[in-house]
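Residue numbers (the numbering used here): 791 to 1005.
For every residue, glycine included, the Cβ atom is placed at its ideal position computed from N, Cα and C.
Fair warning: this is a prediction, and the values are worked out from it, not measured in the lab.
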Ligand SMILES: Cc1cc2nc3c(=O)[nH]c(=O)nc-3n(C[C@H](O)[C@H](O)[C@H](O)COP(=O)(O)O)c2cc1C
């Protein structure tokens, strides 16, 4: 049994739902999982855990500043342990933007932090117009109109590929299993981006903000 930290940034609850699924799968194989929200004051430090996973939603082109600050503040500890990151956004519903290598927000995030997660993923999020306020709904419907997405005001759709979430979860659990190294254990920068590591080749540029458009 290992201690696992899942740190979550979620506004409308969908990233939290993904985190809860990861937690359940990890608990099923006997791990002791702490699921913390980025707004918890303060979120737990990673060094007491065997694995740290950070999942963060995108809103108006941005990852929550607190996630970026956390990743930079704890970069030393995170880089010295198995760690994983995933982003949740609607752009990832597009086949040409749904891998860590091609999703603009993943690249944006990795350029903003000194943390080098061993495993990186991206999941398409949820569209839930009835839940949004008037302005958000209007803006997002307009963006969907421009990008060929659903615009009917009652639309609620999960674009998330849950099998892919489960595959990610299985990789996390394998990394904690005794036996051969599954790609999450090595904590040196040269191993970053190794085959199966699913990590885009983004140079470390601390605090560089790149504004990604909604493609
Ligand atoms: C106000 C608002 C702004 C959003 N901005 C973006 C964006 O810039 N790019 C994107 O790909 N998705 C964007 N999304 C989609 C969210 O990333 C998606 O709905 C995700 O599932 C939200 O996760 P959460 O429920 O954990 O907050 C936005 C959603 C909302 C409601």
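Own chain, CB closer than 8 Å to residue i, minus 5 neighbours either side, in chain order
i           : result
residue 940 : 917, 934 and 947
residue 824 : 793, 794, 795, 796, 834 and 839
residue 817 : 823
residue 886 : 892
Residues of its chain near residue i, where Cβ-Cβ distance is below 6 Å and the 5 sequence neighbours each way are ignored
i           : result
residue 899 : 853
residue 806 : 798 and 800
residue 857 : 799, 828 and 846
residue 862 : 903 and 904
residue 915 : 804, 878, 879 and 880
residue 810 : none
residue 883 : 914 and 949
residue 844 : 797 and 875
Residue i, buried or exposed, once every other Cβ within 10 Å from all chains shown has been counted against 16
i            : result
residue 791  : exposed
residue 950  : buried
residue 924  : exposed
residue 928  : exposed
residue 812  : buried
residue 860  : buried
residue 982  : Its pLDDT being 31, under 50, residue 982 is placed unreliably by the model, and nothing is read from it.
residue 855  : exposed
residue 850  : exposed
residue 1005 : With a pLDDT of only 41 at residue 1005, under the threshold of 50, the placement of this residue in the model should not be trusted, and no figure is reported.
CB contact flag (residue i, residue j, <8 Å)
i           : j           : result
residue 864 : residue 907 : no
residue 905 : residue 966 : no
residue 895 : residue 881 : yes
residue 808 : residue 932 : no
residue 842 : residue 873 : yes
residue 848 : residue 879 : yes
residue 944 : residue 919 : yes
Beta-carbon contacts of residue i that lie in its chain and below 7 Å, excluding the five residues immediately before and after
i           : result
residue 963 : 815, 816 and 819
residue 979 : Residue confidence for residue 979 is low, a pLDDT of 34 falling below 50, so the modelled location carries little weight and cannot support an answer.
residue 821 : 791, 792, 794 and 966
- Message: Report the start-end ranges of each alpha helix (DSSP H) in the stretch 806–874 that is 4 residues or longer and not cut off at the edges.
- Response: Annotation: the stretch 806–874 contains the following complete segments of the alpha helix (DSSP H) (minimum length 4 residues), in chain order: 855–863 and 865–869.
- Task: Pick out the complete beta strand (DSSP E) segments inside the stretch 904–959, 3 residues or longer, and give them in chain order.
- Result: Unbroken beta strand (DSSP E) runs of no fewer than 3 residues, entirely contained in the stretch 904–959, are found at 909–914, 916–918 and 946–948, following chain order.
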